[in-house]
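Note that the sequence shown covers residues 19 to 272 in this note's numbering.
Every residue, glycine too, gets a C-beta built ideally from N, C-alpha and C.
The structure displayed is predicted, hence computed values, not measured ones.
Notes follow the structure.
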Amino acid sequence: MVEAVQGAGVVVTGAGGGIGAALARRFAAEGARVVVNDLDADKAKAVAEEIGGIAVPGDASAIVPEARDALGGTVDVYCANAGVGSGGSEAAGESVWALAWDVNVMAHVRAAEALVPEWMERGSGRFVSTVSAAGLLTMIGAAPYSVTKHGAYAFAEWLSLTYRHRGIKVHAICPQGVRTDMLDSTGSAGDLVLKPTAIEPDDVAEALFRGIEEDRFLILPHPEVAGFYQARAGDPDRWLTHMNHLQQKWEAAR
Numbered sequence: 019m020v021e022a023v024q025g026a027g028v029v030v031t032g033a034g035g036g037i038g039a040a041l042a043r044r045f046a047a048e049g050a051r052v053v054v055n056d057l058d059a060d061k062a063k064a065v066a067e068e069i070g071g072i073a074v075p076g077d078a079s080a081i082v083p084e085a086r087d088a089l090g091g092t093v094d095v096y097c098a099n100a101g102v103g104s105g106g107s108e109a110a111g112e113s114v115w116a117l118a119w120d121v122n123v124m125a126h127v128r129a130a131e132a133l134v135p136e137w138m139e140r141g142s143g144r145f146v147s148t149v150s151a152a153g154l155l156t157m158i159g160a161a162p163y164s165v166t167k168h169g170a171y172a173f174a175e176w177l178s179l180t181y182r183h184r185g186i187k188v189h190a191i192c193p194q195g196v197r198t199d200m201l202d203s204t205g206s207a208g209d210l211v212l213k214p215t216a217i218e219p220d221d222v223a224e225a226l227f228r229g230i231e232e233d234r235f236l237i238l239p240h241p242e243v244a245g246f247y248q249a250r251a252g253d254p255d256r257w258l259t260h261m262n263h264l265q266q267k268w269e270a271a272r
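Structural data, given as structure tokens:
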């Protein structure tokens, strides 16, 4: 059992399935009191009933007040997990880009705005951001997703460097492929890049809890991502050339 989360009031957004449901189950198993959020009310209720949690369905951007009340007045851990896997290029359309920014970035900002003041006042709080390896690297065929996941990672990084001396812990989870409905929706690009090394949602939850125990910011359920990230930083042109080869391979296969 991880002592840091026993008895804690935890909110997990996008928890009706996939990574979010795995996080909710793991927090509950570790003795936390869990609010399960999802746009799909039936899915949220099903997971909440399974784990003995509380369903608070609705838009992840606006649930902090209701979730706080459901937990008796205090949110100790907030998992900003809800996301959209928007594919497409620069021409994806304004509405696609706007939705990606709103869900993948601004929902995190709004949650932090609602939570950080009370966390600073009491000197503790934990913000968990489900980002993606795309936020450290990129993903072919998915400009809105890649760009906004970079934004989500940057915001989590900013929260950590700004408030860690105030007792606020921040974790950024950056997996590659995870066997979820979102992976299935990535099509041929996901088949090429993500599916060969895809892991289970429970593996992501396990990686997070190891990171909590070790007090680490960056959570890499696929350890090889660390090497890719170093290669990108150390020689951007070589890395971009490699990624362009993947792009060409994908185009040829299509």
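Within its chain, find whatever has a CB closer than 7 Å to the CB of Ser206; leave out the 5 residues flanking it on each side and keep chain order. On the sequence shown, position 188 is the one that residue 206 refers to. Contacts found: Trp268, Ala271, Arg272.
Tell me the residue span of the alpha helix (DSSP H) that contains Pro243. On the sequence shown, residue 243 is found 225 positions in, with the first residue counted as 1. The identity of residue 243 in the sequence shown is Val, whereas the question assumes Pro. Start and end: 243-252.
How many Å lie between Val222 and Ile158 at the Cα? Taking the first residue of the sequence shown as position 1, residue 222 is located at position 204. Taking the first residue of the sequence shown as position 1, residue 158 is located at position 140. Each residue's Cα considered, the two are about 22 Å apart.
Terminal residues of the alpha helix (DSSP H) in which Arg44 lies: The residue labelled residue 44 in the question sits at position 26 within the sequence shown. Counting along the chain, the alpha helix (DSSP H) containing Arg44 begins and ends at 36-47.
Between the C-alpha atoms of His183 and Cys97, what's the straight-line distance to the nearest angstrom? Counted from its first residue, the sequence shown places residue 183 at position 165. Counted from its first residue, the sequence shown places residue 97 at position 79. Distance between the alpha carbons of His183 and Cys97: 20 Å.
Rounded to whole angstroms, what is the Cα-Cα separation between Glu232 and Leu226? Translated into positions along the sequence shown, residue 232 becomes position 214. Translated into positions along the sequence shown, residue 226 becomes position 208. About 10 Å.
Can you tell me whether Thr198 is helix, strand or coil according to DSSP? By 1-based counting over the sequence shown, the position of residue 198 is 180. Three-state result, Thr198: coil.
From the DSSP output, which residues share a beta bridge with Ala190? The residue labelled residue 190 in the question sits at position 172 within the sequence shown. According to DSSP, Ala190 bridges with Ser147, Leu236.
Please state the DSSP three-state secondary structure of Gly106. On the sequence shown, residue 106 is found 88 positions in, with the first residue counted as 1. Note: Gly106 maps to strand in three-state DSSP.
Residue nearest to Val253 in terms of C-alpha spacing, selected from Met138, Gly185, Leu155: Position 235 of the sequence shown, counted from the first residue, corresponds to residue 253. This sequence places Asp at residue 253; Val is not what is there. That would be Leu155, whose Cα lies nearest to the Cα of Asp253.
Rounded to the nearest angstrom, how far is the Cβ of Leu41 from that of Val93, given a contact under 8 Å? In the sequence shown, residue 41 corresponds to position 23, counting from 1. In the sequence shown, residue 93 corresponds to position 75, counting from 1. Between Val93 and Leu41 the Cβ distance is about 15 Å, and since that is not below 8 Å, they are no contact.
Considering only their Cβ atoms, is the gap separating Ala50 from Val23 smaller than 8 Å? For the purposes of this step, residue 23 is taken as residue 5 along the sequence shown, with counting starting at 1. For the purposes of this step, residue 50 is taken as residue 32 along the sequence shown, with counting starting at 1. In this structure, Ala50 lies closer than 8 Å to Val23 by Cβ.
Please determine if the stretch 26-37 and the stretch 46-64 are in contact, where contact requires at least 3 C-beta pairs separated by less than 8 Å. yes
Quick one: is His189 buried, meaning 16 or more other Cβ sit within 10 Å of its Cβ, or exposed? For this step, residue 189 is matched to residue 171 along the sequence shown. The residue in question, His189, is buried, as its Cβ has 16 or more Cβ neighbours within 10 Å.
Which residue marks the beginning of the beta strand (DSSP E) containing Val127, and which one marks its end? Translated into positions along the sequence shown, residue 127 becomes position 109. Run containing Val127: none in the beta strand (DSSP E); it sits in the alpha helix (DSSP H), 125-140.
Paired residues, beta bridge with Ala73 - DSSP: Within the sequence shown, numbered from 1, the residue matching residue 73 stands at position 55. Answer is Val54.
C-alpha distance - Ser164 paired with Ile191, whole-angstrom precision: In the sequence shown, residue 164 corresponds to position 146, counting from 1. In the sequence shown, residue 191 corresponds to position 173, counting from 1. Taking the straight line from one Cα to the other gives about 15 Å.
Status (buried if at least 16 other CB within 10 Å, exposed otherwise) for Arg228: Counting from one through the sequence shown, the residue named residue 228 turns up at place 210. With fewer than 16 other Cβ atoms within 10 Å, it is exposed.
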